[in-house]
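Report on the structure given below.
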């Protein structure tokens, strides 16, 4: 499935998971998307084996091809065109009255071709629709699906600058998709940046590592997670200029991950919490992404709600030697 690469959520979650997977050559996950990492729900856990679609890298297993439409090479004269260069035409009218917004989570069936007629991905061939946040996919999908109503089938001609923009390993050039919108659900609006996003207040709790935090809402639990636990959380992350770069809240799905396999500031900070607690973390860059190209830079601010503490499954690798706070754990 193609749902997973351009996902906005990937930035933070991939980075969190990347910390412990950076030397293992592990595939980047798109949620803390693993979340939710199913073909039916390719969100903050988009399917890492589905690379060539509006969200991921090219597929490893080529599905049997669905014949390309006769107008695959170029949009016809009667196609609807937008200012961005997106072209489309309705194949079958829908029975819905409302259009999804960019903040919706949609469920669709789709097939994608390059303009030479080669099919590179299809939920139809897999026999399962795909569900994903509309603001977490390639721009042509985000714009185009908002033109649709439930039950509608539409063909899109997406120019390269609204698709993968030459990304290595992804389908190249203009792409053609047949999309059927099955259903959608509007998700909560993005949380506003907190007033103290630029720097921790004087009354913030500070640790020796430089991590700062303050409790936003007390929890109901009595136990703190350990680094070896798996935790389930809701979170939103901002840079210190107030720009939100990731949020499980806007995706409408909490995320579950091993606490010792994320950036050090998360590993340390979440251990301060109890179930039900909401806490704001100011994570200095050396406990975050450390200047990793493409990741959020500088100090990062996260609002985190700890929903559940779980035992790590048997055989889950520990932190690698040299990992901040890790010691001589098993290789990852």
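In our numbering, the protein residues as written are 707 to 1038.
Using N, Cα and C, we set each Cβ at its ideal position, and we do this for glycine too.
(message) For residue 828, list the residues DSSP reports as bridge partners.
(response) The residue you call residue 828 lines up with position 122 of the chain shown. For residue 828, which the question treats as bridged, DSSP gives the partners 817.
(message) I want to see whether chain B comes within less than 8 Å of residue 963, judged by CB atoms only; does it?
(response) The chain labelled as chain B is not found in the depicted structure, where only one protein chain is given.
(request) Mark residue 828 as exposed unless 16 or more other C-beta atoms lie within 10 angstroms of its C-beta, in which case mark it buried. (result) As a working note, residue 828 is residue 122 in the chain shown. Counting Cβ neighbours within 10 Å, residue 828 comes out buried, since at least 16 surround it.
(request) Can you grab the Cα-Cα spacing for the pair residue 1013 / residue 925, in whole Å? (result) Looking up residue 1013 in the chain shown gives position 307. Looking up residue 925 in the chain shown gives position 219. Spanning the two alpha carbons is a distance of roughly 9 Å.
(request) With a threshold of 7 Å, establish whether the CB of residue 943 neighbours any heavy atom of the ligand HEM. (result) As for the ligand HEM, it is missing from this structure, which has no ligand bound.
(request) Could you check if residue 841 is buried or exposed, using at least 16 other CB atoms within 10 Å of its CB as the buried criterion? (result) Position 135 of the chain shown holds residue 841. Answer is buried; the Cβ neighbour count reaches 16.
(request) Would you mind giving the Cβ-Cβ distance between residue 993 and residue 915, rounded to the nearest angstrom? I have them listed as a contact below 8 Å. (result) Taking the chain shown and counting its residues from 1, one reaches residue 993 at position 287. Taking the chain shown and counting its residues from 1, one reaches residue 915 at position 209. The Cβ separation is near 6 Å, so the contact holds.
(message) Helix, strand or coil, according to DSSP, for residue 992 in the structure here?
(response) Within the chain shown, numbered from 1, the residue matching residue 992 stands at position 286. Three-state DSSP puts residue 992 in a helix.
(message) Among the candidates 937, 951 and 858, whose CA atom is the shortest distance from the CA of residue 1001?
(response) Stepping through the chain shown from its first residue, residue 1001 is reached at position 295. Ranking the options by Cα distance to residue 1001, first place goes to 951.
(request) Answer with buried or exposed for residue 901, where buried requires no fewer than 16 other C-beta atoms within 10 angstroms of its C-beta. (result) What you label residue 901 is simply residue 195 of the chain shown in a count that begins at 1. Exposed.
(message) Tell me which residue opens and which closes the alpha helix (DSSP H) that residue 956 is part of.
(response) Within the chain shown, residue 956 is the residue found at index 250, counting from 1. Taken as a continuous stretch (DSSP letters only), the alpha helix (DSSP H) holding residue 956 covers 954 to 957.
(request) Give the straight-line distance between the Cα atoms of residue 981 and residue 860, rounded to the nearest whole angstrom. (result) Position 275 of the chain shown, counting from 1, holds the residue named residue 981. Position 154 of the chain shown, counting from 1, holds the residue named residue 860. Going by the C-alpha atoms only, they are around 45 Å apart.
(message) Checking the sheet assignment: what are the DSSP bridge partners for residue 1015?
(response) Reading the chain shown from its first residue, position 309 is the one you call residue 1015. Beta-bridge pairing links residue 1015 to 937.
(request) Drop a sphere of 10 angstroms on the beta-carbon of residue 804, count the other beta-carbons inside from all chains shown, and report buried for 16 or more, exposed for fewer. (result) Taking the chain shown and counting its residues from 1, the one referred to as residue 804 is at position 98. By the neighbour-count rule (16 or more Cβ atoms within 10 Å), residue 804 is not buried but exposed.
(request) Tell me where the beta strand (DSSP E) around residue 848 begins and ends. (result) The residue you call residue 848 lines up with position 142 of the chain shown. Where residue 848 is concerned, there is no enclosing beta strand (DSSP E), although the alpha helix (DSSP H) it sits in stretches over 845 to 851.
(request) Leaving out five residues on either side along the sequence, give the residues of the same chain with a beta carbon under 6 Å from the beta carbon of residue 887. (result) On the chain shown, position 181 is the one that residue 887 refers to. Closer than 6 Å at Cβ, skipping near neighbours: 814, 854, 856 and 858.
(request) Assign residue 917 to one of three DSSP states: helix, strand, or coil. (result) The sequence position of residue 917 within the chain shown is 211, counting from 1. If DSSP states are grouped into helix, strand and coil, residue 917 belongs with coil.
(message) With DSSP as the reference, identify every bridge partner of residue 864, one or two as the case may be.
(response) Here residue 864 refers to the residue found at position 158 of the chain shown. Paired residues: 881.
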